[in-house]
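Numbering (the UniProt record's numbering), first residue to last: 1 to 539. Backbone N, C-alpha and C define an ideal beta-carbon position, used for all residues, glycine too. Remember, predicted model here, so these are calculated numbers, not experimental data.
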């Protein structure tokens with residue numbers, strides 16, 4: 001049987017093999033109604049409403065995934081987790097989704113993720129001496145046997161069946177699990193699910209979805225026709241499968257069976273278009289996305305603004321840990337640069353606004369008369385002048401100097417590209433602002449490979465993400481903690497949990513503010529853990 005809980009408004013009993021420290025950490029996040037500021041924000045009136053979300057989607061993010069524990073704590077308190085019917089994830093997000101699908105709670109998930117996952121993942125025998133032989137023989141440096149055995153033990157502990165399949169989870173837990181993988185043979189994304197791969201062991205699918213090409217040997221799987229196919233990291237092509245439960249492709253409704261949908265056969269190709277398979281927007285889906293200080297994220301601006309707009313602040317103060325100290329100097333420098341960056345952008349926006357005011361003919365270029373009027377316009381103050389030109393520009397001589405400086409091709413007109421070039425000299429990259437994130441410096445092979453990977457992940461995300469998805473996404477800024485930071489102290493983990501908690505509260509505050517009139521009030525709200533929908537002993 002799974003863990004049992006007796007819930008009440010003022011008391012709680014837990015039957016659990018996990019240490020009391022984890023439970024105390026949970027209570028610190030929940031029982032904060034009388035504490036004005038302890039780093040995490042309060043649920044407040046959020047607990048009085050029922051929310052329609054039934055589908056949870058988790059992005060891959062390596063060890064940053066510990067932040068999901070904080071998000072799950074909020075979902076438990078709001079009653080969302082117990083109402084969850086469908087879960088999806090890619091890479092490390094697939095691991096989280098799979099564990100939740102069999103009744104793992106936030107505290108249990110933290111216990112699992114706090115183990116040395118790095119040692120479990122990297123199981124080559126002879127270090128770098130194993131690299132070339134393993135690549136040539138098995139297409140990957142690490143066999144992946146240790147992490148496979150770990151999943152076997154976890155599923156045995158939670159369900160009594162180490163080889164539990166997608167269909168068995170659906171049958172006994174009432175939950176649809178979707179694990180996103182990359183089929184190397186077909187060069188395409190595939191969705192392992194009770195509808196598509198009912199008899200596949202879940203641990204195999206998760207192992208596939210976490211197999212980074214080159215680092216891990218790609219698992220193979222033979223379908224009913226006996227053809228062996230190789231699979232790698234689902235995040236390679238779709239790291240944030242927020243669309244998984246849109247449309248009919250993974251719908252278990254009788255009218256959406258493949259037999260009904262995939263005909264006639266001569267039209268089969270069009271059915272595999274994303275807009276056809278996943279076309280209908282599912283408002284019952286909420287996704288969880290991770291990004292650190294150094295990672296590009298196309299939704300970053302909106303997701304960080306949500307925190308500020310809903311009283312959840314931005315990043316809390318970093319803890320005094322080895323990892324944070326190592327990166328604090330760089331972070332402090334970047335913060336100062338970012339502040340100066342925004343001030344310059346604001347000043348430039350004022351200049352452009354003033355130029356537009358004195359350009360009634362909407363000319364494509366700027367002449368001396370137009371620039372003079374703009375620089376003398378009250379729209380710009382002295383501080384704006386200093387930020388842009390390092391001095392107050394009011395005299396005729398100074399204005400002529402600025403004009404000549406901007407007019408780099410010396411044709412007595414300032415063109416758009418010349419303004420862009422000027423911004424570049426001030427450290428402002430127009431393309432970065434257009435894209436919504438900053439570029440990465442490339443100084444060595446490691447930074448080159450890292451930038452290459454981010455290029456692939458960011459642009460494949462654009463293929464699956466739509467603008468409307470930001471309204472159903474919880475964005476978690478993990479600050480100084482990156483994907484491969486496996487050596488974390490307790491304070492680092494608490495920082496991640498706090499970020500997951502705060503970001504999720506901000507999402508629900510925004511949702512409540514726009515849906516208050518249509519949400520129903522909850523009959524009961526109490527502190528409790530998630531309970532499996534059915535006993536694993538039934539398997």
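Per-residue burial, residue i [other beta carbons within 10 Å of its own, 16 or more giving buried]
i	result
residue 299	buried
residue 71	buried
residue 24	With a pLDDT of 48 at residue 24, under the threshold of 50, the predicted position of this residue should be treated as unreliable, and no value is reported.
residue 318	buried
residue 417	exposed
residue 126	exposed
residue 389	buried
residue 200	buried
residue 66	buried
residue 513	exposed
residue 276	exposed
residue 542	Outside the modelled stretch of the chain, which goes from 1 to 539, sits residue 542, for which no answer is possible.
residue 257	exposed
Where residue i falls: helix, strand or coil (DSSP)
i	result
residue 151	helix
residue 185	coil
residue 285	strand
residue 161	coil
residue 553	The chain is shown from 1 up to 539; residue 553 falls before or after that span and cannot be answered.
residue 263	coil
residue 366	strand
residue 34	The predicted position of residue 34 is uncertain, since its pLDDT is 30 and thus under 50; no value can be drawn from it.
residue 55	strand
residue 523	coil
residue 230	strand
residue 414	strand
residue 102	coil
residue 405	helix
residue 580	Outside the displayed span of the chain (1 to 539) sits residue 580, for which this structure offers no information.
residue 400	helix
residue 480	coil
Nearest-angstrom Cβ-Cβ length linking residue i and residue j, presumed shorter than 8 Å
i	j	result
residue 502	residue 307	7 Å
residue 483	residue 61	6 Å
residue 182	residue 189	6 Å
residue 481	residue 64	6 Å
residue 284	residue 176	Incorrect: roughly 12 Å between the Cβ atoms, too far for contact.
Spatial distance of residue i from residue j (CA atoms)
i	j	result
residue 184	residue 520	46 Å
residue 220	residue 55	29 Å
residue 464	residue 133	36 Å
residue 348	residue 384	8 Å
residue 538	residue 76	Residue confidence is low: residue 538 scores 28 on pLDDT, short of 50, so the model does not pin down where it sits. Its coordinate-derived value is still stated next. Approximately 25 Å between the Cα atoms of the pair.
residue 402	residue 353	18 Å
residue 169	residue 443	48 Å
residue 144	residue 419	53 Å
residue 37	residue 505	The pLDDT assigned to residue 37 is 41, lower than 50, so where the model puts this residue is not dependable; a value taken from the coordinates is nonetheless given after this. One C-alpha to the other measures close to 15 Å.
residue 380	residue 498	41 Å
residue 523	residue 46	13 Å
residue 412	residue 393	19 Å
residue 425	residue 406	11 Å
residue 316	residue 58	23 Å
Enclosing beta strand (DSSP E) for residue i [first to last residue]
i	result
residue 474	473 to 477
residue 221	220 to 222
residue 46	No beta strand (DSSP E) contains residue 46, which DSSP labels as neither H nor E.
residue 279	Note, residue 279: premise wrong, no beta strand (DSSP E); not H, not E.
residue 250	Per DSSP, residue 250 belongs to no beta strand (DSSP E) and is neither H nor E.
residue 89	86 to 90
Range covered by the alpha helix (DSSP H) that runs through residue i
i	result
residue 166	166 to 173
residue 307	300 to 309
residue 270	268 to 271
residue 136	131 to 138
residue 207	202 to 209
residue 71	67 to 77
residue 514	490 to 515
Residue-chain proximity (residue i, chain D), Cβ-Cβ < 9 Å
i	result
residue 223	In the structure shown, chain D does not exist; there is a single protein chain.
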